[in-house]
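Engineer: Going by numbering that gives the first Met the number 0, the sequence shown opens with residue 0, and the numbers climb by one from there.
Beta carbons are placed, not taken as given, at the ideal position from N, Cα and C, and that holds for glycine.
These figures come from a predicted structure and were not determined experimentally.
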Amino acid sequence: MASCLFNRCDTLDGAQLAKRCPLDNGRHTDASIPPRYSAGQLDCLPPELLLSVLLSIDIPSLTRFRSVNRRAMDLVDSVPEYAAMIKRCPDVIRAVVSIQADAFDCRTLHATLKTSWCSTCEYLGPYLYLITCRRVCSHCFKRLPEYNPLTRNEALPFFTSNGTPQRRDGMSPRHRLRLANPPSVVSLPGHFGRAGNSAGERRVRLFDRRSVTQDVRGLGRSRSGFFRSDPPRESRRFMAVVTAPFLSGKDLAVDDEMMRGLSELFKSHEVEALFMQALCPVKSDPAV
0 MASCLFNRCD TLDGAQLAKR CPLDNGRHTD ASIPPRYSAG QLDCLPPELL
50 LSVLLSIDIP SLTRFRSVNR RAMDLVDSVP EYAAMIKRCP DVIRAVVSIQ
100 ADAFDCRTLH ATLKTSWCST CEYLGPYLYL ITCRRVCSHC FKRLPEYNPL
150 TRNEALPFFT SNGTPQRRDG MSPRHRLRLA NPPSVVSLPG HFGRAGNSAG
200 ERRVRLFDRR SVTQDVRGLG RSRSGFFRSD PPRESRRFMA VVTAPFLSGK
250 DLAVDDEMMR GLSELFKSHE VEALFMQALC PVKSDPAV
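(1) Whole angstroms are fine: how far does the CA of Val203 sit from the CA of Val184?
(2) Could you check if Glu80 is buried or exposed, using at least 16 other CB atoms within 10 Å of its CB as the buried criterion?
(3) Put Phe140 into one of helix, strand or coil per three-state DSSP.
(4) Tell whether a beta-carbon distance below 8 Å holds between Leu112 and Met84.
(5) Following the continuous alpha helix (DSSP H) through Pro61, name the residue where it begins and the one where it ends.
(6) To the nearest angstrom, report how far apart Ile98 and Leu143 are at their CA atoms.
(7) Thinking just about the alpha-carbon of each residue, which of Leu11, Tyr122 and Ile130 is nearest to the one in Leu108?
(8) Mark Tyr36 as exposed unless 16 or more other C-beta atoms lie within 10 angstroms of its C-beta, in which case mark it buried.
(9) Nearest to Gly13 by CA position, among Val91, Asn147, Tyr122 and Trp116, is which residue?
(10) Does the beta-carbon of Glu153 have 16 or more other beta-carbons within 10 angstroms, so that it is buried, or is it exposed?
(11) Around the Cβ of Val52, are there at least 16 other Cβ atoms within 10 angstroms (buried) or fewer (exposed)?
(12) How about Lys86: is its Cβ closer than 7 Å to a heavy atom in the ligand ATP?
(13) Pull up the CB-CB distance for Arg70 and Ala38, whole angstroms please, since I reckon it's below 8 Å.
(14) Rounded to the nearest angstrom, what separates Thr212 and Cys43 at their Cα positions?
(15) Quick one: what does DSSP say Tyr81 is sitting in, helix, strand or coil?
(16) Do Pro182 and Ser210 have their CB atoms nearer than 8 Å?
(17) With DSSP collapsed to three states, give me the class of Ala272.
(18) Between the Cα of Phe237 and the Cα atoms of Asp207, Thr119 and Pro156, which residue gives the shortest distance?
(19) DSSP three-state label for Thr131, please.
(20) Expressed to the nearest angstrom, what Euclidean distance is found between the alpha-carbon atoms of Val135 and Asp23?
This is the structure we're talking about:
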């Protein structure tokens with residue numbers, strides 16, 4: 000059987016994340032120099048409430064807030080969950096910011112990184128699907144269409160009925176798509192997938208396929224157009240995925256070299272499954 004694993008460089012790991020999104024965490028910290036400006040009304044909140052607010056913000060927005068001034072930077076850097084991810088999973092943060100993955104908050108990302116298993120099956124999930132923040136194994140990622148995102152042109156037919164735009168209520172398919180606002184990201188230029196297909200220089204918005212179909216059903220639209228659009232290029236499924244370390248309860252991460260070695264070792268999903276079943280019985284999660 001052909002391998003279901005792919006080279007990590009086929010994904011966002013090969014998109015020069017450190018160059019595209021350099022992190023300055025820790026470079027501007029000097030406790031001897033107090034911040035000149037406040038964080039506004041946020042400084043009036045009790046510490047527990049302030050922490051809850053910051054954890055409820057998505058990473059791209061948190062990054063923008065952090066750049067406002069020194070006080071904002073100190074507040075964000077003091078969030079334990081954020082600090083742990085910056086220390087142990089910097090490329091995950093870089094990827095999230097680079098493709099503007101804002102459908103989930105800081106708390107959700109940290110909680111997902113503390114899991115070990117694929118969200119679809121019950122095997123090891125070494126990758127993170129960043130549109131909806133789901134752990135995924137190589138087998139499910141290569142096999143299931145739900146991990147193959149849609150472009151805007153491919154998503155629009157889901158907001159029509161029998162191929163005819165819904166205009167009776169004055170809303171076009173494009174307007175309905177904006178109203179539904181399914182989780183999405185913005186692709187990076189580069190080469191993705193086994194074939195090394197170029198994504199071109201133009202960045203395109205990619206929508207989560209499963210969320211688009213659920214939104215259509217929620218709006219009472221016909222399902223006659225379900226998956227009727229042309230199959231997306233295979234490389235698109237690699238544009239929103241990054242290798243994700245496993246954070247333990249003490250926020251320690253599995254060494255990246257070890258993860259790479261395991262990926263080299265596993266030549267088929269059967270080998271991966273048998274190995275992980277022997278190492279960690281199904282439905283037991285040592286990372287929790």
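Structural biologist: In terms of the structure at hand:
(1) For the purposes of this step, residue 184 is taken as the residue at position 185 of the sequence shown. For the purposes of this step, residue 203 is taken as the residue at position 204 of the sequence shown. Distance between the alpha carbons of Val184 and Val203 is about 8 Å.
(2) Reading the sequence shown from its first residue, position 81 is the one you call residue 80. Glu80 counts as buried, since no fewer than 16 other beta carbons sit within 10 angstroms of its beta carbon.
(3) Position 141 of the sequence shown, counting from 1, holds the residue named residue 140. In the structure shown, the three-state DSSP call for Phe140 is helix.
(4) Counting from one through the sequence shown, the residue named residue 112 turns up at place 113. Counting from one through the sequence shown, the residue named residue 84 turns up at place 85. With contacts defined by Cβ atoms closer than 8 Å, Leu112 and Met84 form a contacting pair.
(5) If you number the sequence shown from 1, residue 61 lands on position 62. Rather than Pro, the amino acid found at residue 61 in this sequence is Leu. Segment Ile58 to Arg65, the alpha helix (DSSP H) holding Leu61.
(6) Walking along the sequence shown from the start, residue 98 turns up at place 99. Walking along the sequence shown from the start, residue 143 turns up at place 144. Rounded to whole angstroms, Ile98 to Leu143 spans 22 Å at the Cα level.
(7) Walking along the sequence shown from the start, residue 108 turns up at place 109. It is Ile130 whose Cα lies nearest to the Cα of Leu108.
(8) Here residue 36 corresponds to residue number 37 of the sequence shown, with the count starting at 1. The residue is exposed, with fewer than 16 neighbouring Cβ atoms inside 10 Å.
(9) Taking the sequence shown and counting its residues from 1, the one referred to as residue 13 is at position 14. Ranking Val91, Asn147, Tyr122 and Trp116 by Cα distance to Gly13 puts Val91 first.
(10) As a working note, residue 153 is residue 154 in the sequence shown. With 16 or more other Cβ atoms from the protein chains shown falling within 10 Å of its own Cβ, Glu153 counts as buried.
(11) The count along the sequence shown starts at 1 and reaches residue 52 at position 53. Burial state of Val52 is exposed, judged by a 10 Å Cβ sphere holding fewer than 16 other Cβ atoms.
(12) This structure does not include the ligand ATP; it has no bound ligands of any sort.
(13) Sequence index remark: in the sequence shown, residue 70 carries index 71 (1-based). Sequence index remark: in the sequence shown, residue 38 carries index 39 (1-based). So it is a contact: roughly 5 Å between Cβ atoms.
(14) As a first step, residue 212 must be located in the sequence shown, where it is residue number 213. As a first step, residue 43 must be located in the sequence shown, where it is residue number 44. Rounded to the nearest angstrom, the two C-alpha atoms are 42 Å apart.
(15) Position 82 of the sequence shown holds residue 81. In this structure, DSSP gives Tyr81 a helical state, which the three-state scheme calls helix.
(16) The residue labelled residue 182 in the question sits at position 183 within the sequence shown. The residue labelled residue 210 in the question sits at position 211 within the sequence shown. Closer than 8 Å, so yes.
(17) In the sequence shown, counting from the first residue as 1, residue 272 sits at position 273. Because Ala272 carries a pLDDT of 47, less than 50, the predicted location of this residue cannot be relied on, and the following value inherits that uncertainty. Looking at Ala272 - three-state DSSP - the assignment turns out to be helix.
(18) What you label residue 237 is simply residue 238 of the sequence shown in a count that begins at 1. With respect to the C-alpha of Phe237, the residue from Asp207, Thr119 and Pro156 having the closest C-alpha is Asp207.
(19) For this step, residue 131 is matched to residue 132 along the sequence shown. Here DSSP, grouped into helix, strand and coil, assigns Thr131 to coil.
(20) Start at 1 with the first residue of the sequence shown, and residue 135 comes out as number 136. Start at 1 with the first residue of the sequence shown, and residue 23 comes out as number 24. Taking the straight line from one Cα to the other gives about 29 Å.
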